[in-house]
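Notes for the one structure printed next.
Number of protein chains: 2
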Amino acid sequence: MLSDIEIAQAATLSPITDIAGRLGLSVSDLHLHGQHMAKLTQSTVNQLHTQPVRAKLILMTAINPTPAGEGKTTTTVGLTDALNLAGYKALACLREPSLGPVFGMKGGATGGGYAQVVPMENINLHFTGDFHAISAANNLLAALVDNHIYHGNALQFDQVSWRRCMDMNDRALRRITINQPYAYDTGFDITVASEVMAIFCLATDLADLTHRLSRMQVGQSTKGQPIFASDLHAEGAMTALLKDAFQPNLVQTLEGSPALLHGGPFANIAHGCNSLVATQTALRLADYVVTEAGFGADLGAEKFIDIKCRQSGLRPDMTVIVATVRALKYHGGVEVADLNTENLQALSTGMANLKKHVDNMRQHFGLPVLVALNHFTHDTEAEVALLQSAVESWGSSLHVCRHWAHGGKGALDLAHAVARMAQQTASPTLLYQDDLSLPDKLHAIARSLYGAKDVTFSAQAEQQLGTLAETSRGLPVCVAKTQYSLSCDAKLRNVPEGHTLHVRELRLSRGAGFVVAICGDIMTMPGLPKQPASHRISVDANGRICGLS
Amino acid sequence: MLSDIEIAQAATLSPITDIAGRLGLSVSDLHLHGQHMAKLTQSTVNQLHTQPVRAKLILMTAINPTPAGEGKTTTTVGLTDALNLAGYKALACLREPSLGPVFGMKGGATGGGYAQVVPMENINLHFTGDFHAISAANNLLAALVDNHIYHGNALQFDQVSWRRCMDMNDRALRRITINQPYAYDTGFDITVASEVMAIFCLATDLADLTHRLSRMQVGQSTKGQPIFASDLHAEGAMTALLKDAFQPNLVQTLEGSPALLHGGPFANIAHGCNSLVATQTALRLADYVVTEAGFGADLGAEKFIDIKCRQSGLRPDMTVIVATVRALKYHGGVEVADLNTENLQALSTGMANLKKHVDNMRQHFGLPVLVALNHFTHDTEAEVALLQSAVESWGSSLHVCRHWAHGGKGALDLAHAVARMAQQTASPTLLYQDDLSLPDKLHAIARSLYGAKDVTFSAQAEQQLGTLAETSRGLPVCVAKTQYSLSCDAKLRNVPEGHTLHVRELRLSRGAGFVVAICGDIMTMPGLPKQPASHRISVDANGRICGLS
Numbered sequence: 001m002l003s004d005i006e007i008a009q010a011a012t013l014s015p016i017t018d019i020a021g022r023l024g025l026s027v028s029d030l031h032l033h034g035q036h037m038a039k040l041t042q043s044t045v046n047q048l049h050t051q052p053v054r055a056k057l058i059l060m061t062a063i064n065p066t067p068a069g070e071g072k073t074t075t076t077v078g079l080t081d082a083l084n085l086a087g088y089k090a091l092a093c094l095r096e097p098s099l100g101p102v103f104g105m106k107g108g109a110t111g112g113g114y115a116q117v118v119p120m121e122n123i124n125l126h127f128t129g130d131f132h133a134i135s136a137a138n139n140l141l142a143a144l145v146d147n148h149i150y151h152g153n154a155l156q157f158d159q160v161s162w163r164r165c166m167d168m169n170d171r172a173l174r175r176i177t178i179n180q181p182y183a184y185d186t187g188f189d190i191t192v193a194s195e196v197m198a199i200f201c202l203a204t205d206l207a208d209l210t211h212r213l214s215r216m217q218v219g220q221s222t223k224g225q226p227i228f229a230s231d232l233h234a235e236g237a238m239t240a241l242l243k244d245a246f247q248p249n250l251v252q253t254l255e256g257s258p259a260l261l262h263g264g265p266f267a268n269i270a271h272g273c274n275s276l277v278a279t280q281t282a283l284r285l286a287d288y289v290v291t292e293a294g295f296g297a298d299l300g301a302e303k304f305i306d307i308k309c310r311q312s313g314l315r316p317d318m319t320v321i322v323a324t325v326r327a328l329k330y331h332g333g334v335e336v337a338d339l340n341t342e343n344l345q346a347l348s349t350g351m352a353n354l355k356k357h358v359d360n361m362r363q364h365f366g367l368p369v370l371v372a373l374n375h376f377t378h379d380t381e382a383e384v385a386l387l388q389s390a391v392e393s394w395g396s397s398l399h400v401c402r403h404w405a406h407g408g409k410g411a412l413d414l415a416h417a418v419a420r421m422a423q424q425t426a427s428p429t430l431l432y433q434d435d436l437s438l439p440d441k442l443h444a445i446a447r448s449l450y451g452a453k454d455v456t457f458s459a460q461a462e463q464q465l466g467t468l469a470e471t472s473r474g475l476p477v478c479v480a481k482t483q484y485s486l487s488c489d490a491k492l493r494n495v496p497e498g499h500t501l502h503v504r505e506l507r508l509s510r511g512a513g514f515v516v517a518i519c520g521d522i523m524t525m526p527g528l529p530k531q532p533a534s535h536r537i538s539v540d541a542n543g544r545i546c547g548l549s
Numbered sequence: 001m002l003s004d005i006e007i008a009q010a011a012t013l014s015p016i017t018d019i020a021g022r023l024g025l026s027v028s029d030l031h032l033h034g035q036h037m038a039k040l041t042q043s044t045v046n047q048l049h050t051q052p053v054r055a056k057l058i059l060m061t062a063i064n065p066t067p068a069g070e071g072k073t074t075t076t077v078g079l080t081d082a083l084n085l086a087g088y089k090a091l092a093c094l095r096e097p098s099l100g101p102v103f104g105m106k107g108g109a110t111g112g113g114y115a116q117v118v119p120m121e122n123i124n125l126h127f128t129g130d131f132h133a134i135s136a137a138n139n140l141l142a143a144l145v146d147n148h149i150y151h152g153n154a155l156q157f158d159q160v161s162w163r164r165c166m167d168m169n170d171r172a173l174r175r176i177t178i179n180q181p182y183a184y185d186t187g188f189d190i191t192v193a194s195e196v197m198a199i200f201c202l203a204t205d206l207a208d209l210t211h212r213l214s215r216m217q218v219g220q221s222t223k224g225q226p227i228f229a230s231d232l233h234a235e236g237a238m239t240a241l242l243k244d245a246f247q248p249n250l251v252q253t254l255e256g257s258p259a260l261l262h263g264g265p266f267a268n269i270a271h272g273c274n275s276l277v278a279t280q281t282a283l284r285l286a287d288y289v290v291t292e293a294g295f296g297a298d299l300g301a302e303k304f305i306d307i308k309c310r311q312s313g314l315r316p317d318m319t320v321i322v323a324t325v326r327a328l329k330y331h332g333g334v335e336v337a338d339l340n341t342e343n344l345q346a347l348s349t350g351m352a353n354l355k356k357h358v359d360n361m362r363q364h365f366g367l368p369v370l371v372a373l374n375h376f377t378h379d380t381e382a383e384v385a386l387l388q389s390a391v392e393s394w395g396s397s398l399h400v401c402r403h404w405a406h407g408g409k410g411a412l413d414l415a416h417a418v419a420r421m422a423q424q425t426a427s428p429t430l431l432y433q434d435d436l437s438l439p440d441k442l443h444a445i446a447r448s449l450y451g452a453k454d455v456t457f458s459a460q461a462e463q464q465l466g467t468l469a470e471t472s473r474g475l476p477v478c479v480a481k482t483q484y485s486l487s488c489d490a491k492l493r494n495v496p497e498g499h500t501l502h503v504r505e506l507r508l509s510r511g512a513g514f515v516v517a518i519c520g521d522i523m524t525m526p527g528l529p530k531q532p533a534s535h536r537i538s539v540d541a542n543g544r545i546c547g548l549s
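Shown next, in the form of structure tokens:
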């Protein structure tokens, strides 16, 4: 069996100008990055945004992730390929992969098997440099803060809250002590966790980007007043650093479907989906836009709707929930080592997780739902049949997808069902109104989506509710909790009952325009495993990258 | 008067494919980065390197720099434009600018006036991402080191010497304390000071790059043994991160002359000139290659010859030394505020600095020399005449250049003289033989080039002479001293006499293949000034960058 990189490298890619041509774009709409990658120019993006939305927006989400793997990105790619194969004009809209995890456990994030976006080596490494630009903008601001203090300039800092970032899994940088201009503890986050990344993905245009950057809080004065990026005159230079990156990237799938990859904020402390600019652009370039939200539907889809859609006015037309037999058996209590064995009982139990997400999407967001079963080799016919009839009994439908093994033709059934369903008129809604209080917003999310019986606050969070009452008014809340459970306890699989959402800390992401509710320990700088993936990566005598996964 | 960025933005650029066409290259030889920047593909580079050298290599160097400014980059651009204007095929070979100083005091590094490489905003900001790739490779290695210790893997570190880097002027990162896996003091250097950058610029090809990366020392074991990057299996993944960056970048001057910009190591702790790959490529693409070495001839030209040429077998055909009336008056004792006033006496005194460099190039390197006088508005006819007759009395010739104001046609006199002189057969030599001891190499440099009466060593350096005796055998020495003086005391202008070169510390750059002799305080992470240049930078309503200089 070929590895993902071998499949990707064996593919014959079309010139990116041809891919653009299928979207009605010409070479003058592109800023080329070699033969197979391009950015859409800012003027093309601006011009497209004056046109009406043309596409149906399909939100790809999933059950709660498990170690068994679900395959949301592969399904997004597979569905897009299948829609194009079926004669529709479809475009995938995805996040860019983060560089750090490529050398760690996770590897790249360009799909897998015969459902990949390519050129995978470029996309997984530096791609068009967007994340480096975001790191530079973030770190220029940090340098300006410490430089301001060093020179004894006008602002009197009592506390610096702005952290540096790097697109690397570097555990040692989580907590560092800086010794100059004065000693204080700070640290680095991975770039995808920077507020600059969240802003980059929510800004409507360059002016909005500048405006959002300017209002970020970087620390507090000795008089207890917040200090903003604008107080350091940082937003102009930061925008200059981000200007080119802000243009969406066009690549292709293995089957030549167009894909826009742009931005990639964390899905815990941020909202976890590709840039608004890319989505808005995509909606003017195709009839179907398939986009993905991070983690499971409790985090990713909720934030997609309640943060990204709320801020922008976008609404998805329908949602596809990805599940696998293996992952549902895991939710049903089976351990990873035993997932290849048929287990109808466990599947039957674990299906509850899927049902909860299907219900959530329909009841709380008013969205039509299809279930995509990402098929694995060891899935038995009995398992698939059991799941199929269950999903149908809930009033939805299940579509077996084999895009990993067969590309677009493996997901044709899903594609036809999506095309049918997307034509229905949906009435998507937000989960809560802007004017609710912060605790009420959290209750709405926790009770209706997570099935929690209550929300509690630490003493710190209680205090922050007071401090933030004014500044957070009208803003959506971004829950940072484990992705592995509907609760905030990673060990509680399937559909836990009677649990409580405990909010440890609240943080205002003023530039991004949301309040982060931190529930549990959230890691904003990953580490590398004992045997890093980097050990296997090399460049061969023909200049070809090997060992990337 | 227009600013540099206004001149650059008003220019009409040719498609980079046209610029490549003038070098006999087609679009298939290019990895495009938009319309005006491209990398030459690795296969094109490999193919060119099998061809014989075609061009004369002209080394652009200068007197000791002063706050008055000399204009080495503008003169490199102006001479290249003038040679092309005169009907020769000429190509400039330059370093890429570092991002950090763009927000600090120095600003960008793309020339000035009507002698610039463009697009200046892109080149000065992220360009094609090379420096970000170098930062990532450097920092992956750092993460692997600390991760190895964290997991208690096989190597027992007693001391970690590998530092992180960032392409930002961030004073606060000079010295940081890491708290995990165990507390130790380390810090960040600016990316141009990373050994990865030096290696990137000296490697002959990708295999040599990997080999050099593998032999870098990252620390010392508890048994006192050196630990190398190869012990962490880092070189493969680092090469994968550097692979695309390793391809030279093609841009153009304001007049459409081709220019290769590639790499940019510090000129103190490293050798300070563009990549060997770019120079070797350029020599197959034109009849005249004009390249620049960092700082004055005592540092830049010496290292160009004794490090880059020694390792590669390259030899320049001649050298051009850039001087200004203002800078020579400064060497003659005039303060910055008074440089606009005619002062023949001070000029006459300060000319000694120029004469020393002219003599050095001829006597110690066997190179023909021309002097380029970069003309400034306030230079008087009497001053120019005085300098001209002095230079002629030394058996050289002086050429007044007005490329800053007039572009290539302002440097035609220099171009004709260069074309004549480069046809003569020179017998360039290295300053010292490989098999001299380290102290003897330092004596050769200090006595003959700097005019020092002696070389002394700190106790630490004395001890290091012993430790490094074996491992440094046959390697050239890279002197890290102030650029402002022929001595190691920045305050001693002109031609100081009776001074001593004091070596404080020796460091083996094992991957780069040289020993750094640190004389005085060398800053490897700059800071920002009280009013950073970033304050003035912004993006206007048309998406155009303003305020960059």
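Top line first, the protein sequences correspond to chains A and B.
Numbering follows the numbering used here, in which position 39 of the first sequence is assigned residue number 39; successive positions increment by one, without gaps.
Numbering follows the numbering used here, in which position 476 of the second sequence is assigned residue number 476; successive positions increment by one, without gaps.
The C-beta atom is built at its ideal place from N, Cα and C for all residues, glycine as well.
* For H499 of chain A, which of A:G451, A:L94 and A:I518 has the nearest alpha-carbon? -> Comparing alpha carbon positions, the residue from A:G451, A:L94 and A:I518 closest to H499 of chain A is A:G451.
* Contacting positions in the stretch 96-108 of chain B - beta carbon closer than 7 Å to chain A -> L99 and F103
* To do: Using a Cβ cut-off of 8 Å (strictly closer), state whether A142 of chain A contacts chain B.
  => Yes - at least one Cβ of chain B is within 8 Å of the one on A142 of chain A.
* Do N138 of chain B and V218 of chain B come within 8 Å of each other at the CB atom, strictly closer than that value? -> no
* To do: Answer yes or no: do T210 of chain B and T239 of chain B have a C-beta to C-beta separation smaller than 8 Å?
  => yes
* To do: Mind reading off the beta-carbon distance from A68 of chain B to V336 of chain B? Whole number of angstroms is fine, and I expect it under 8 Å.
  => 7 Å
* Asked: Enumerated in chain order, which unbroken segments of the alpha helix (DSSP H) with a length of 4 residues or greater are wholly contained in the stretch 93-145 of chain A?
  -> 120-124
* **Reduced DSSP secondary structure (H/G/I, E/B, other) of S257 of chain B** => coil
* To do: Quick one: list the residues of chain A neighbouring P181 of chain B, beta-carbon separation under 8 Å, in chain order.
  => R171 and A172
* Who are the neighbours of D146 of chain B on chain A, taking C-beta pairs under 8 Å? -> In chain order: D170, R171 and A172.
* Cβ of F376 of chain B within 8 Å of Cβ of R326 of chain B? -> yes
* **Cβ-based contacts, 9 Å cut-off: residues of the stretch 426-440 of chain B near chain A** => none
* To do: Report yes if the C-beta distance between H378 of chain B and Y114 of chain B is below 8 Å; otherwise report no.
  => no
* Kindly indicate which three-state DSSP category H31 of chain B falls into: helix, strand or coil? => strand
* On a CA-only basis, which of A:T204, A:K223, A:F200 and A:D205 is nearest M216 of chain A? Give me that one, please. => A:F200
* **Inter-stretch contact at 8 Å, needing at least 3 Cβ pairs: the stretch 389-409 of chain B / the stretch 80-90 of chain B** => yes
* Looking at chain B, which residues of the stretch 122-136 of chain A have a Cβ within less than 7 Å of any of its Cβ atoms? -> Against chain B - using a Cβ distance shorter than 7 Å - the residues of the stretch 122-136 of chain A are L125, H126, G129, H132, A133 and A136.
* Cutoff 8 Å; reference R54 of chain B; Cβ partners in own chain excluding five residues on either side -> The answer, listed in chain order, is L283, R284, L285, A286 and D287.
* To do: Tell me whether C201 of chain A sits in a helix, a strand or coil according to DSSP, three-state version.
  => helix
* By DSSP, does G87 of chain A sit in helix, in strand, or in coil? -> coil
* Residues of its chain near G547 of chain B, where Cβ-Cβ distance is below 7 Å and the 5 sequence neighbours each way are ignored -> R536, I537 and S538
* Pick out whichever of B:L431, B:E462 and B:D540 has its Cα sitting closest to the Cα of L506 of chain B. => B:E462
* Asked: Nearest chain A C-beta to P532 of chain B closer than 8 Å, yes or no?
  -> yes
* To do: At 8 Å on the CB atoms, spell out the chain B contacts of Q42 of chain A, in chain order.
  => Residues of chain B whose Cβ lies closer than 8 Å to the Cβ of Q42 of chain A are, in chain order, G543.
* Asked: What three-state label does DSSP hand C519 of chain B in the structure shown?
  -> coil
* Asked: Just checking my contact of G272 of chain A with A297 of chain A at CB under 8 Å: how many whole Å lie between their CB atoms?
  -> About 12 Å separates the two Cβ atoms, so there is no contact after all.
* To do: Flag V251 of chain A as yes if its beta-carbon sits less than 8 Å from any beta-carbon of chain B, otherwise no.
  => no
* In DSSP terms, what Y288 of chain A is bridged to -> A:K56 and A:A90
* Exposed or buried, what is G466 of chain A when buried is set at 16 or more other beta-carbons lying within 10 Å of its beta-carbon? -> exposed
* To do: Could you spell out the range, first to last residue, of the beta strand (DSSP E) harbouring S221 of chain A?
  => Q217 to S221
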